[in-house]
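Peer 1: Here it is, the structure, as structure tokens.
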Amino acid sequence: MEHSCLAGKPELDLFSTLPTQASIEEGYHVEHMPTTSLNDEGPIKFSISGDSNNYLDLSSSYLLLEVKITKADGKDLDAQGDAAPINLLGHTLFQQVEIMLNDVVISNASNLYHYRALIETLLSYSDEAKKSQLSMSLYSKDTPGKMDHIGGDNEGLEARRRITGQSKTVQLIVRPHADIFFQRRFILNGVDMKLKFVRNHNSLVLMAGENSTCKLKILNASFFLRKVKINSGIQLKHIENLDKKLLPAVYPIRRVDMKSFNIALGSLSWNEENLFHGILPKRIVIGIVNAGAFEGAYNLNPFNFQHKHLKYTNLVVDGKQVPQKALVSDYTNHNTLRNYFTLLESTGKVFNNGGIDIDREEYEKGYSLMAFDLTPDLDLSTCFHLMKRGTIRLELKFSQALDTPVNVIAYSEFDSGIKIDKNRAVLTNFYA
């Protein structure tokens with residue numbers, strides 16, 4: 000081929016060896032206990048003092064919980080107890096996770112953490128991961144079309160019931176779905192960290208009969224923080240950059256923001272002029288849930304993303320329609336493929352050997368999310384993009400009047416970053 004250069008084969012590279020990793024000399028997990036007592040309603044707090052020598056590896060740190068479901072009085076459920084947890088319990092039992100570095104809040108203040116965790120899990124992990132490592136957080140996929148069923152035909156709920164039934168004590172391991180935990184750069188030595196996990200209501204976390212009063216009891220909690228000892232030469236270079244060159248340590252993050260909006264009973268259309276205003280996100284995910292489930296009801300699944308006979312979706316970014324032709328759907332006749340396509344396109348799974356654990360039929364039965372990749376190159380993972388300011392408007396139309404009030408969940412991602420200077424002052428770069 001013209002202009003093609005010659006290439007060697009690695010099978011013939013007989014005189015070289017593998018490089019040696021010498022930057023990290025030691026790594027280990029340290030268990031930290033809560034600074035607050037565990038009760039039925041209060042948050043779980045951790046306060047971790049900065050280490051003068053070791054760096055922090057947050058991407059490999061995790062929360063360990065021991066929980067069980069009981070009656071309202073704290074007594075064990077009997078064999079006929081029908082309570083079982085919602086999906087991804089290790090995360091979704093919390094409505095908010097607050098993270099502070101040196102007393103600066105670096106996390107999102109939304110009380111929709113459970114929706115963030117579930118949406119990211121649905122769209123980011125393979126079927127194999129969900130069946131193996133995510134079982135540690137009690138992920139078990141709800142049966143499409145059976146989301147609100149508690150009588151046995153929701154196989155995901157039944158799988159979780161078998162693990163938690165009759166008040167069995169269950170262990171859970173999770174890495175927080177938080178921006179700073181999803182980047183791999185080590186946090187500098189000498190930085191204090193505080194964590195606060197705020198619980199959801201029992202009626203949201205558990206599924207049972209409509210008049211149930213059961214509760215989820217947290218028996219034990221501990222946070223395993225991974226610390227790493229860095230090669231002294233590299234640490235000296237870091238000190239030189241911080242002290243002499245006055246360069247801060249930089250932590251690029253994918254900042255996630257969560258919002259919810261109400262649509263009234265009987266509505267045929269809804270328009271939100273300022274879905275976002277200011278710095279524009281890179282990706283948006285939209286879902287619709289029953290308002291009763293959103294607030295918390297034992298007999299309703301908060302993660303039943305319903306289509307509600309949506310017939311028209313129009314996202315307008317600074318006057319330009321995205322996609323260029325609005326999404327028109329007919330759920331009665333199963334003409335919903337462009338809506339489903341948005342999930343694959345926005346996760347980078349379309350037209351390659353990848354996918355998400357939601358097929359086109361399941362999509363209409365409780366997994367009716369829509370996603371919009373707003374990057375010019377359809378690449379959310381490898382680099383930052385030029386920052387743009389503007390306004391995003393969302394318009395929804397339904398072919399049937401809403402039979403219940405609903406909540407629209409809006410998940411969004413932004414390029415952002417955190418900096419730590421030589422004095423260990425933490426600077427956030429949240430923009431919007």
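Under numbering that gives the first Met the number 0, the residues of the sequence shown are numbered 0 to 431, in order.
Using N, Cα and C, we set each Cβ at its ideal position, and we do this for glycine too.
1) May I have a chain-ordered list of the alpha helix (DSSP H) segments no shorter than 4 residues that lie completely inside the segment 223–269?
2) Taking Cβ positions, are Ser46 and Lys193 nearer each other than 8 Å?
3) So if DSSP puts Gly286 in a beta bridge, which residue, or which two residues, is it bridged to?
4) Report yes if the CB atom of Ser367 is closer than 8 Å to the CB atom of Gln305, and no otherwise.
5) Use the C-beta contact count for Gly89: other C-beta atoms within 10 angstroms, 16 or more gives buried, fewer gives exposed.
6) Could you say if the segment 238–246 and the segment 373–391 meet the contact criterion of at least three C-beta pairs nearer than 8 Å?
7) Does the CB of His90 have a neighbour CB from chain C at under 8 Å?
8) By alpha-carbon positions, which one of Thr427, Ile285, Arg423 ends up nearest to Asp50?
9) Hey, could you find the ends of the beta strand (DSSP E) Tyr61 is sitting in?
10) Taking only the alpha-carbon atoms, compute the straight-line gap between Leu373 and Asn352 and give it to the nearest angstrom.
11) Is there contact here, the segment 60–70 with the segment 170–178, by at least three beta-carbon pairs under 8 Å?
12) Can you tell me which residues form a DSSP beta bridge with Glu471?
13) Spatial neighbours of Tyr138 within its chain, please: C-beta separation below 8 Å, excluding the five flanking residues on both sides.
14) In angstroms with no decimal places, state the Cα-to-Cα distance between Gly500 and Leu314.
15) Would DSSP call Val204 helix, strand or coil?
16) Quick check: the Cα distance between Glu65 and Val169, rounded to an integer number of angstroms?
17) Report all residues from its chain with a CB closer than 6 Å to the CB of Val425; omit the five preceding and five following residues, and keep chain order.
18) Residues in the same chain with beta-carbon distance under 7 Å from Asn273, minus the five sequence neighbours each way, listed in chain order, please.
19) Do Met369 and Thr312 come within 8 Å of each other at the CB atom, strictly closer than that value?
20) Provide the residue span of the alpha helix (DSSP H) that contains Glu361, from first to last.
21) How far does the alpha helix (DSSP H) with Thr120 in it reach, from first residue to last?
22) So Lys199 and His113 are in contact, right, with Cβ under 8 Å, and what is the actual spacing, rounded?
23) From Leu235 to Leu187, what does the alpha carbon distance come to, in whole angstroms?
Peer 2: On the basis of the coordinates in this document:
1) Counting whole runs of 4 or more residues, the segment 223–269 contains the alpha helix (DSSP H) stretches 231–242.
2) Translated into the one-based positions of the sequence shown, residue 46 becomes position 47. Translated into the one-based positions of the sequence shown, residue 193 becomes position 194. Contact flag set, yes.
3) The count along the sequence shown starts at 1 and reaches residue 286 at position 287. In DSSP, Gly286 forms a bridge with Ile408.
4) Within the sequence shown, residue 367 is the residue found at index 368, counting from 1. Within the sequence shown, residue 305 is the residue found at index 306, counting from 1. In this structure, Gln305 lies closer than 8 Å to Ser367 by Cβ.
5) Counting from 1 along the sequence shown, the entry for residue 89 is found at position 90. The residue in question, Gly89, is buried, as its Cβ has 16 or more Cβ neighbours within 10 Å.
6) The segment 238–246 makes no contact with the segment 373–391; the number of CB pairs closer than 8 Å stays below 3.
7) This model lacks chain C altogether, as it is built from one protein chain only.
8) The residue labelled residue 50 in the question sits at position 51 within the sequence shown. Closest by alpha carbon: Arg423.
9) Position 62 of the sequence shown, counting from 1, holds the residue named residue 61. Its beta strand (DSSP E) spans residues 54–69.
10) Locating residue 373 in the sequence shown gives position 374, counting from the first residue. Locating residue 352 in the sequence shown gives position 353, counting from the first residue. Approximately 23 Å between the Cα atoms of the pair.
11) Yes, the segment 60–70 is in contact with the segment 170–178.
12) For the chain, the structure presents residues 0 to 431; residue 471 sits outside this window and is missing.
13) Looking up residue 138 in the sequence shown gives position 139. Contacts found: Asn86, Leu87, Thr120, Lys129.
14) With the chain covering only 0 through 431, there is no way to say anything about residue 500.
15) Within the sequence shown, residue 204 is the residue found at index 205, counting from 1. Reduced to three states, the DSSP call for Val204 is helix.
16) Counting from one through the sequence shown, the residue named residue 65 turns up at place 66. Counting from one through the sequence shown, the residue named residue 169 turns up at place 170. Here the C-alpha atom of Glu65 lies approximately 6 Å from the C-alpha atom of Val169.
17) Along the sequence shown, read from residue 1 onward, the residue named residue 425 stands at position 426. Excluding sequence neighbours, Val425 sits near Leu100, Asn101, Val103, Ile419.
18) Locating residue 273 in the sequence shown gives position 274, where the first residue counts as 1. Only Thr390 meet the Cβ criterion.
19) What you label residue 312 is simply residue 313 of the sequence shown in a count that begins at 1. What you label residue 369 is simply residue 370 of the sequence shown in a count that begins at 1. Against a cut-off of 8 Å, the Cβ pair of Met369 and Thr312 comes out as a contact.
20) For the purposes of this step, residue 361 is taken as the residue at position 362 of the sequence shown. Start and end: 359–362.
21) Against the sequence shown, residue 120 aligns to sequence position 121. 112–123 is the extent of the alpha helix (DSSP H) around Thr120.
22) As a first step, residue 199 must be located in the sequence shown, where it is residue number 200. As a first step, residue 113 must be located in the sequence shown, where it is residue number 114. Residue identity differs from the one stated: residue 199 is Asn in this sequence, not Lys. Asn199 to His113, Cβ: 6 Å. Contact.
23) Within the sequence shown, the letter at position 236 stands for residue 235. Within the sequence shown, the letter at position 188 stands for residue 187. If you take the alpha carbons of Leu235 and Leu187, they lie about 12 Å apart.
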